[in-house]
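Numbering (mature numbering (1 follows the signal peptide of the UniProt record, and there is no 0)), first residue to last: -25 to -1, 1 to 333. Just so you know, even glycine gets a beta-carbon here, dropped at the ideal spot from N, CA and C. As the structure is a computational prediction, the values presented were derived from the model and not from experiment. What follows is one structure encoded as structure tokens, with my remarks underneath.
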């Protein structure tokens, strides 16, 4: 009789666990808050995102127990350039990855990690956001072209007798190798110190609004393929699908779709190389123009835009969304953000989560 009761008890527990797993399984979307709204809480304007199922750090701190982001200044001795004029760029921490002192960089990085993630058992989202240069020479176009120019000069200073095309070939090889080593050493050091965290690089794959004029997609498959050697070692992928003013809704839908499709394609290639499929967390904004100094004129995503961004992401089969906004003018924006969360964003997300639970 006693044994029968034990068996019955464990059977009930098993069934309850199974039902819970099926009902509240991995398909339920998760939403993370990666915004500087701690300032609002301190001001007495708390934005109650938690009641809508949005995951945030305690007191909505930007760095906390659930999600952290490492910007350039907190990634060791991250090298970068500052454009001064057409003949001069200012160097910081060596300027280009070829000049990096890896030992000094890792020493500083360890300090940064211990400061930003003091808990050695941290198991949350950990985003490395380094955007001054891209990991390959050829992918540094536009304002990032200065990294090509300085890499070329780095070669010609040592080998002035080389023809330009010869020097470019060497510059490409040196930049690509140094960039890969810098990012790999950085990633591995992070993973060693905080092995339970989900480390990855922000905004890969490479996609942008100008992509469609250069390709048949908003993304750059040829350049993204070269990132696999790095991304396959990460714990997660953190693509960005931010929208900006002036884009028609149909174009916005296509842009987000391309970002999602390209991320999945890279993930599939990573698996083909024998590595574990990565969790995907898509970065979305909820304002079109959060940098507008006239904060009362900032345009928030309407429901149709939320469908194009957030809902399209979930419908695509990617169940993790990170909501971000800039810290610029935050104290002036608190009330507007709170009203938006209460009136539209919060109920929208709560309804979306509920649709997957029921």
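Query	Result
Determine whether the beta carbon atoms of residue 111 and residue 201 lie at a separation below 7 Å.	yes
CB residue 275 to CB residue 169, shorter than 7 Å?	no
Per DSSP, what are the beta-bridge partners of residue 299 in this structure?	9
To which residues of the same chain is residue 302 closer than 7 Å at the C-beta, ignoring the five residues directly before and after it?	11
Going by other Cβ atoms of all chains shown within 10 Å of its Cβ, with 16 needed for buried, is residue 346 buried or exposed?	There is simply no residue 346 to check, as the chain begins at -25 and stops at 333 in what is shown.
DSSP puts residue 208 in a beta bridge; with which residues?	In DSSP, residue 208 forms no bridge with anything.
Please report the straight-line C-alpha distance between residue 41 and residue 256, rounded to a whole angstrom.	13 Å
Using the Cβ count rule (16 or more neighbours within 10 Å means buried), how would you classify residue 280?	buried
Answer yes or no: do residue 234 and residue 173 have a C-beta to C-beta separation smaller than 7 Å?	no
Please report the straight-line C-alpha distance between residue 158 and residue 87, rounded to a whole angstrom.	15 Å
Please classify residue 197: does DSSP put it in a helix, a strand, or coil?	helix
Taking only the alpha-carbon atoms, compute the straight-line gap between residue 192 and residue 9 and give it to the nearest angstrom.	28 Å
Quick check on residue 322: buried or exposed, where buried means 16 or more other Cβ atoms within 10 Å of its Cβ?	exposed
Identify, in the order they occur along the chain, each residue of the same chain with its Cβ nearer than 6 Å to the Cβ of residue 27, setting aside the five sequence neighbours on each side.	321, 324 and 325
Would you list the residues sitting across from residue 254 in a DSSP beta bridge?	211
For residue 21, does the three-state DSSP call read helix, strand or coil?	coil
Since residue 55 contacts residue 68 with CB under 8 Å, what's their CB separation in whole angstroms?	7 Å
Ignore the nearest five residues each way along the sequence and tell me which others in residue 288's own chain have a CB closer than 8 Å to its CB.	216, 231, 235, 257, 259 and 296
Among 93, 66, 103 and 60, whose alpha-carbon lies nearest the alpha-carbon of residue 49?	103
Mapping the DSSP letters down to three states, classify residue 269 as helix, strand or coil.	coil
Using CA coordinates, which residue listed in 185, 136 and 205 is at the minimum distance from residue 162?	205
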